[in-house]
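Q: Here's a structure for you.
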Amino acid sequence: MNYETFYSDSILAPERFWETQAKEISWYKAPKTILSKDENDYPLWYADGELNVCYLALDKHIEEGYGNQTAIIYDSPVTQTIKRYSYNEVKTEVAKLAGGLLALGLKKGDTAVIYMPMIPQAAFAMLACARIGVTHSVVFGGFAPHELAIRIDDCKPRVVITASSGIEIDRLIAYKPLVDEAIALAEHKPKKVVVFNRKLGARIPFKKYDVDYDALVYGSEEAPCISVPATHPLYVLYTSGTTGKPKGIVRDTGGYATALKFSMKYIYGSQQDEVFWAASDVGWVVGHSYIVYGPLLNRNTTIIFEGKPIKTPDASTFWRIIDDHQVRIMFTAPTAIRAIKKEDPQGEFIKQYDLSSLRTQFLAGERCDVATLEWYNQHIPVPAIDHWWQTESGWPMIANMMGVEYLPVKPGSAGKAVAGYDIRILSEEGQELGPNEEGYVVIKLPLPPGTMKDLWQDNARFQAGYLQKFPGYYFSGDGGYKDADDYIYITGRVDDVINVAGHRLSTAEMEEIVSSHHSVAECAVIGIHDELKGQIPLALVVTKTGETIEHFQLQHEVVQLVREQIGAVASLRDVVIVERLPKTRSGKILRKLLRSIADGDIFQIPSTIDDEAIIDEIAETLNEGKIGVFKKK
């Protein structure tokens with residue numbers, strides 16, 4: 188199949204293209220209206236269709252004779268557990284849990300919050316909600332009570348489904364006290380809290396609203412799938428907003444199911460019954476799309492992994508899982524590969540495992556630097572495909588479409604536009620820019636199926652944040668450019684472009700250069716305030732384990748590298764060695780937070796931060812070096 192023809196068909200005749208793709212899934216009522224508009228003039232897909240995603244993910248495969256195929260492999264190095272669930276076993280538990288939720292009073296159109304660790308019951312809860320038309324909102328397990336309360340007040344769940352605890356590398360995190368505190372803080376009070384007891388020793392304070400998960404499942408009849416409209420909200424997923432108030436991204440059902448089925452085949456090149464592993468969390472969009480719904484819709488075996496790429500027990504974990512479970516396609520964040528590279532720079536662990544089952548490695552979550560890509564390819568000779576998408580899109584927007592035509596990889600580029608996405612680069616004035624001219628990355632409406640439908644009960648914010656800056660286009664919030672071959676390069680969030688004495692410079696480009704230094708495991712380059720030039724870049728670097736280079740030597744060499752490749756205009760002078768960088772739990776480096784720390788601005792610690800203690804560490808390091816605002820102290 189030819190990419191150019193396939194892509195052109197999707198852009199020139201979107202209705203016909205997506206009508207064809209909709210026929211790849213089973214509908215209770217097939218849509219006759221393929222593309223229409225809602226009351227706010229925003230595109231709608233399959234408005235008159237009816238279906239059920241849980242049916243497509245489980246019941247359909249069982250009806251077709253695949254009930255004994257493994258649906259889920261739970262691999263938890265932190266509890267030293269490996270367990271396999273067949274499609275029959277998953278369907279039985281999901282249907283019984285759905286029956287239990289109905290008995291608790293939930294009905295089609297209600298909402299439920301799921302606050303769980305990376306265990307199979309998190310996926311069961313999502314699918315049980317989908318089975319009966321309840322809109323779920325998964326909140327990352329371990330989020331602070333205040334953040335959970337905000338989400339409870341926003342989506343007003345009738346029920347919260349949780350577990351007794353999550354487990355980190357070095358500690359148990361009791362979830363139930365956090366849920367109780369969140370409910371006490373929230374104005375909206377859920378009627379019931381369903382608690383799955385993992386029996387790991389965590390404290391589970393009993394409240395009158397508590398319901399035991401096992402008792403609920405054991406005592407319930409299996410509930411059938413309920414038909415819902417294609418436009419029915421399958422889930423609300425909160426993502427951080429610039430105002431500090433989380434944005435509830437609303438995902439529809441019919442468009443999403445169609446897009447996920449399409450992406451598994453044409454983007455990931457996945458065959459039915461293969462093992463597909465997204466090393467992410469169900470609290471993130473990757474977990475929704477490519478741990479739970481996408482692989483199960485495509486009748487793959489999916490892996491639910493409870494652990495980290497390192498220290499569970501070491502940097503061999505990913506390779507052990509690929510070998511143990513014969514993973515064909517893997518998806519992880521570049522930060523995970525960098526963490527492994529830092530612990531095992533020579534790839535000694537890789538040599539201990541048979542990775543011949545692996546066909547493709549996909550990377551996303553943040554931009555993949557060339558050094559990481561090269562390290563991976565040096566040790567594992569399979570295509571490593573960087574691709575780009577957002578919580579808002581729900582599935583990839585830029586990628587190498589492995590199920591259509593494998594195109595040459597250009598390190599630093601996320602590939603070409605995925606079928607259905609008419610991606611343009613616009614200037615501040617809204618003019619389309621030519622090759623290699625950097626501007627705003629936008630997508631011409633209509634967006635393809637499966638992308639965000641709205642913000643939960645906040646259409647004004649949806650319009651203002653995504654649609655009003657460039658009328659007729661979805662504004663991604665990212666900067667980038669296309670080269671002469673239409674490969675797209677994402678240079679980072681628009682606020683990651685810094686202005687040094689009138690020159691607009693990409694911190695992502697500088698990061699690329701800094702990370703190419705042989706002593707650097709990972710880095711972040713931020714623009715900090717400068718009285719003379721407005722902004723100047725500051726590089727924070729984490730060195731490889733065992734690296735003995737002196738600070739002054741590393742700084743000299745990195746500054747020279749940047750000077751050689753960008754020029755003196757970059758004005759990079761300060762390179763600070765830190766133990767670690769502040770990140771979200773999904774692995775994104777919190778550059779805006781770093782900038783605020785260096786500039787001495789008042790900042791709000793994002794709810795998604797992996798470890799708050801790092802903030803003091805960074806401030807202390809900058810203070811010692813008298814960097815940024817700390818020069819004044």
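Positions in the sequence shown are counted from 1; adding 187 to them yields my numbering.
Each residue gets a CB set at the ideal place from its N, CA and C atoms; glycine is no exception.
(1) Below 8 angstroms CB to CB, which residues in the same chain sit around I212 once its five sequence neighbours on both sides are set aside?
(2) Express the C-alpha separation of P332 and V366 in angstroms, rounding to a whole number.
(3) Roughly how many angstroms separate the alpha carbons of T638 and Y477, rounded to a whole number?
(4) Within 8 angstroms, do at least three Cβ pairs link the region 548-561 to the region 404-421?
(5) Can you name, in chain order, every residue of its own chain whose Cβ lies under 7 angstroms from the Cβ of G481, other than the five neighbours on each side?
(6) Check for me: the alpha helix (DSSP H) holding Q740 runs from which residue to which?
(7) Indicate whether the contact test is met: 3 or more Cβ pairs, each with one atom in the region 347-356 and one in the region 290-303, closer than 8 angstroms.
(8) Determine the burial state of K379: buried for a count of at least 16 other Cβ atoms within 10 Å of its Cβ, exposed for fewer.
(9) Quick one: which unbroken beta strand (DSSP E) runs of 3-plus residues sit fully inside the region 489-553? Chain order, please.
(10) Can you tell me whether K820 is buried or exposed, with buried defined as 16 or more other CB within 10 angstroms of its CB?
(11) Do you know whose CA, among G607, Y608, V629 and T499, lies nearest S614's CA?
(12) Quick one: what's P230 bridged to in DSSP?
(13) Does the structure place the region 316-325 close enough to the region 781-792 that three or more beta carbon pairs sit under 8 angstroms?
(14) Compare the beta carbon distance of A708 and T730 with 8 angstroms and say whether it is the shorter of the two.
(15) Measure the alpha-carbon distance for D761 versus L741 and round it to whole angstroms.
(16) Which same chain residues, not among the five before or five after A389, have their C-beta less than 6 angstroms away from its C-beta?
(17) Tell me the DSSP bridge mates of T268?
(18) Which stretch, first to last residue, makes up the alpha helix (DSSP H) that contains Y563?
(19) When DSSP labels each residue in this structure, what does D665 get in the three-state scheme?
(20) Nearest CA to the CA of S758: which residue from I685, I805 and I796?
(21) So, helix, strand or coil for N810, using DSSP?
(22) Taking all protein chains shown into account, decide if G714 is buried (16 or more other Cβ within 10 angstroms of its Cβ) or exposed.
(23) Going by Cα to Cα distance, which pick from L291, D531 and C241 is closest to A282?
(24) From the DSSP output, in three-state form, read off W214 for me.
(25) For D786, name the three-state secondary structure that DSSP assigns.
(26) So the beta strand (DSSP E) R680 belongs to, where does it begin and stop?
(27) Determine the direct distance from the alpha carbon of G292 to that of F657, and round the result to whole angstroms.
(28) Can you name the residues that DSSP bridges to Y660?
(29) Is R438 near G581, with beta carbons less than 8 angstroms apart?
(30) Could you say which of S706, I198, D468 and Y674 lies nearest to P532 if we only look at CA atoms?
(31) Determine whether the beta carbon atoms of P633 and P201 lie at a separation below 8 angstroms.
(32) Given a cut-off of 8 angstroms, decide if T499 and I339 are closer than it, judged by their beta-carbon atoms.
(33) To test your reading of the DSSP string, which unbroken beta strand (DSSP E) runs of 3 or more residues are found completely within the region 364-426?
(34) Going along the chain, which residues of its own chain have a beta-carbon closer than 7 angstroms to the beta-carbon of R334, five neighbours each way excluded?
(35) In the DSSP output, what is D246 paired with across the bridge?
(36) My understanding is that V514 touches T547, with C-beta atoms under 8 angstroms, so please give their C-beta distance in whole angstroms.
A: Looking at the coordinates:
(1) The answer, listed in chain order, is L238, L243, A444, T445, K448 and L484.
(2) 6 angstroms
(3) 15 angstroms
(4) no
(5) L447, S450 and M451
(6) H738 to Q752
(7) yes
(8) buried
(9) 516-519 and 547-550
(10) Low local confidence applies: a pLDDT of 41 at K820 is under 50, so the model's placement there is unreliable, with the coordinate-based value given in what follows. So K820 ends up on the exposed side.
(11) V629
(12) K224
(13) no
(14) yes
(15) Near 11 angstroms, if we compare the C-alpha coordinates of L741 and D761.
(16) Excluding sequence neighbours, A389 sits near S351, S352, L359 and A361.
(17) S263
(18) V557 to H566
(19) strand
(20) The shortest C-alpha to C-alpha distance from S758 to any of I685, I805 and I796 is the one to I685.
(21) It is helical.
(22) buried
(23) C241
(24) coil
(25) In the structure shown, D786 sits in a helix (DSSP, three-state: H, G or I).
(26) I675 to R680
(27) 44 angstroms
(28) K631
(29) yes
(30) S706
(31) The answer is yes: Cβ separation under 8 angstroms.
(32) no
(33) List check, beta strand (DSSP E) in window: 379-383, 397-399 and 422-426.
(34) Note that residue 334 is Glu in the sequence shown, not Arg. For E334, where only same-chain residues beyond five positions count, the Cβ hits under 7 angstroms are S794.
(35) Its beta-bridge partners do not exist; DSSP assigns none.
(36) Contact flag wrong, Cβ pair sits at about 10 angstroms.
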